[in-house]
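Engineer: Quick one: the structure is below, and I'll ask about it shortly.
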Amino acid sequence: MKHALITGITGQDGAYLAKYLLNKGYRVFGTYRRLSTPNFWRLQYLGIFDEVELFPCDLMDSFSIIEALRLSRPDEVYNLAAQSFVGASFEQAIASGEITGLGVARLLEAIRLVTPEARFYQASTSEMFGDNRYDAQDENTPLEPSSPYAAAKLYAHHMLKIYRKGYGLYACNGILFNHESPLRGLEFVTRKITNAVAKIKLGLESHIELGNIDARRDWGYAPEYVEAMWLMLQQDTPDDYVVATNETHSVREFLQAAFSSAGLNWEDHVRISEKFLRPVEVRSLHGNYEKSARVLGWQPKVLFSDLVELMVREDLERWAQWNRGVHFPWDAWNYPNEKKILSRKVKFE
Ligand code: NAP
Ligand code: G4F
20 MKHALITGIT GQDGAYLAKY LLNKGYRVFG TYRRLSTPNF WRLQYLGIFD
70 EVELFPCDLM DSFSIIEALR LSRPDEVYNL AAQSFVGASF EQAIASGEIT
120 GLGVARLLEA IRLVTPEARF YQASTSEMFG DNRYDAQDEN TPLEPSSPYA
170 AAKLYAHHML KIYRKGYGLY ACNGILFNHE SPLRGLEFVT RKITNAVAKI
220 KLGLESHIEL GNIDARRDWG YAPEYVEAMW LMLQQDTPDD YVVATNETHS
270 VREFLQAAFS SAGLNWEDHV RISEKFLRPV EVRSLHGNYE KSARVLGWQP
320 KVLFSDLVEL MVREDLERWA QWNRGVHFPW DAWNYPNEKK ILSRKVKFE
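Right, dumping it as structure tokens:
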């Protein structure tokens, strides 16, 4: 039986990847951070909490990484752990560099020393293209990061290439464009919108505050993207791949589609707040996944309008259940309102 180790198993992609690998017959190990309140809701939501084996581990702590590798003896390591929120990386630039950048160097060193035969997947990102001037981005597009998060990911991306070339590790960078789902964190714009649509529809909230709604992203469906991660590690030689839908849509289009799928007019419920504007914005991302299609045989099936609809439907269903007093593992009731969180843009009198 093959062993897989997933860092960041408590996150959106970690949970879906764990489920995918369990279905393929893998023994799945995952790392989680010690938090004051445990965060296993996604694994419970997918019904796999009892099927995965968990280690406490932090990418800031090399010894905890070594211990996770030593105990799990993985054939495949998927590094999904990161401070993954671009907005927060402006507020916590150093911690983002430590975790999202240097954390990967710690992991590569540990693999080199402890399990050099293990195949390694790194969660690289389209955010590395930055506020670029290209119509569509692929594996050869220049990388011009526009956030502390992207700069940290770029460092990790290059460290992987150095370890692949220098030490012969089987290691792949998956340059994934935005991918969403009902398990997406509530801070990211898609889920922030679909959660708000559900609350507004049910009379629990009246409006939502957003930043730059002209920004454009290439949004795909997360459960399909974890399959591409696995495919990358099954090839004869390691390489880097773009995973995307080859469509780009604005946040405004997302709003329009999400509110109208619940029979609402978005303009009645949206306010723009400078609190959600970033010091540097990535205005447009649009991925060309031709190489993934050609080499991996991968292509997206769920596209923009189906994605928006399935996310709205699930958030509506959850809030309706909550209204009926049904209890289930879920994040939203525990995170009542982003408005409580202050930002650097707040001026104190
Ligand atoms: P996510 O939901 O934010 O999950 C991030 C995971 O990293 C969580 O399990 C989190 O643990 C863990 N983590 C955070 N800090 C850590 C630390 N210091 N040590 C160990 N673990 C830590 O992110 P996602 O959407 O699943 O994305 C997975 C990966 O793909 C991330 O690396 C992200 O940057 C990258 N990526 C995502 C997208 C996308 O559109 N989703 C696109 C391109 C690349 P807690 O649960 O304890 O917070
Ligand atoms: O949903 P977002 O926060 O995602 P972003 O910044 O594109 O990053 C995500 O995708 C990356 C891949 O390209 C990943 F590497 C990264 O880990 C993460 O998963 O923001 C999307 C767009 C941005 O342009 C942002 O400025 O939406 C805009 N936006 C407008 N109002 C907002 C808001 N974003 C958030 N989070 N919240 C708002 O109120």
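Read in order, the letters of the sequence shown correspond to residues 20 to 368 in this note's numbering. In this text, a Cβ means the ideal position worked out from N, Cα and C, and glycines have one as well. Since we're looking at a predicted model, the values are computed, not measured.
Check for me: the alpha helix (DSSP H) holding Q31 runs from which residue to which?
Structural biologist: Note, Q31: alpha helix (DSSP H), Q31 to N42.
Engineer: Could you tell me how far apart the beta carbons of D237 and T267 are, in whole angstroms, since I believe they sit closer than 8 Å?
Structural biologist: Confirmed, about 5 Å.
Engineer: M251 to V331, Cα distance in whole Å?
Structural biologist: About 31 Å.
Engineer: Distance, Cα to Cα, N356 vs L296?
Structural biologist: The straight-line gap from Cα to Cα measures roughly 18 Å.
Engineer: Excluding five sequence neighbours on each side, which residues of the same chain lie with their C-beta closer than 7 Å to the C-beta of F109?
Structural biologist: Cβ within range, chain order: S166, P167, R297 and P298.
Engineer: Does DSSP put P257 in a helix, in a strand, or in coil?
Structural biologist: Of the three classes helix, strand and coil, the one that applies to P257 here is coil, per DSSP.
Engineer: Taking C-beta to C-beta, are R61 and Q102 nearer than 8 Å?
Structural biologist: The answer is no: Cβ separation not under 8 Å.
Engineer: Quick one: using the 10 Å Cβ neighbour count with 16 as the cut-off for buried, is D334 buried or exposed?
Structural biologist: Under this definition D334 is a buried residue.
Engineer: Under 8 Å Cβ to Cβ from R203, same chain only, skipping five residues before and after it: list those, please.
Structural biologist: Cβ neighbours of R203 beyond the five flanking positions: Q31, T209, R210, A241 and M330.
Engineer: Regarding S311 and ligand 2, is the C-beta to nearest heavy atom distance less than 7 Å?
Structural biologist: Because no heavy atom of ligand 2 lies under 7 Å away, the Cβ of S311 does not count as near it: no.
Engineer: Of all the options A37, V261 and R337, which has the alpha carbon lying nearest to the alpha carbon of T213?
Structural biologist: Closest option to T213, Cα to Cα, is R337.
Engineer: Check whether the Cβ of A142 sits closer than 7 Å to any heavy atom of ligand 1, and report yes or no.
Structural biologist: A142: yes, Cβ under 7 Å from ligand 1.
Engineer: My understanding is that T119 touches A34, with C-beta atoms under 8 Å, so please give their C-beta distance in whole angstroms.
Structural biologist: In fact, because the Cβ distance is near 19 Å, the residues do not count as touching under 8 Å.
Engineer: According to DSSP, simplified to helix, strand and coil, what is P355?
Structural biologist: DSSP places P355 in coil when its eight states are reduced to three.
Engineer: Going by the C-beta, is T264 closer than 7 Å to any heavy atom of ligand 2?
Structural biologist: No; taking the cut-off as 7 Å, the Cβ of T264 has no heavy atom of ligand 2 nearer than that.
Engineer: Curious, which full-length alpha helix (DSSP H) runs of at least 4 residues does the stretch 165 to 206 contain?
Structural biologist: If we require 4 residues or more, the alpha helix (DSSP H) runs fully inside the stretch 165 to 206 come out as 167 to 186.
Engineer: Looking at the structure shown, is I227 part of a helix, part of a strand, or coil, going by DSSP?
Structural biologist: Here I227 sits in strand by DSSP.
Engineer: With Q16 and C76 assumed to form a contact (beta carbons below 8 Å), what rounded beta-carbon distance in angstroms separates them?
Structural biologist: Residue 16 lies beyond the range of the chain shown here (20 to 368); nothing can be said about it.
Engineer: Measure the C-alpha to C-alpha separation of S91 and E72 and round it to an integer number of angstroms.
Structural biologist: Near 9 Å, if we compare the C-alpha coordinates of E72 and S91.
Engineer: On the premise that N98 lies in contact with L126, defined as a C-beta separation below 8 Å, what is that separation, rounded to the nearest angstrom?
Structural biologist: About 6 Å separates the two Cβ atoms, so the contact holds.
Engineer: Quick check: Y260 and L315, are their CB atoms within less than 8 Å of each other?
Structural biologist: In contact: Y260 and L315 (Cβ atoms closer than 8 Å).
Engineer: Among the candidates K220, V345, R343 and V289, whose CA atom is the shortest distance from the CA of H226?
Structural biologist: Taking only the C-alpha atoms, the option nearest H226 is V289.
Engineer: If distances are taken between C-alpha atoms only, which option among V321, S292 and I291 comes closest to N265?
Structural biologist: Residue V321 is the option with its Cα nearest to N265.
Engineer: Just mark E243 as buried or exposed, buried being the case when its beta carbon has 16 or more other beta carbons within 10 Å.
Structural biologist: Buried.
Engineer: Report the option in D154, H176, T134 and K218 whose CA atom is closest to the CA atom of L384.
Structural biologist: Past the edges of the chain, shown from 20 to 368, lies residue 384, and the structure says nothing about it.
Engineer: I need the straight-line Cα distance from E309 to S280, nearest angstrom please.
Structural biologist: The straight-line gap from Cα to Cα measures roughly 31 Å.
Engineer: Does the distance between the C-beta of T209 and the nearest non-hydrogen atom of ligand 2 fall short of 7 Å?
Structural biologist: Flag set: Cβ of T209 near ligand 2.
Engineer: What residue range is occupied by the uninterrupted beta strand (DSSP E) comprising V47?
Structural biologist: Per DSSP, V47 belongs to the beta strand (DSSP E) from R46 to Y51.
Engineer: Does DSSP classify G120 as helix, strand or coil?
Structural biologist: Three-state DSSP puts G120 in a helix.
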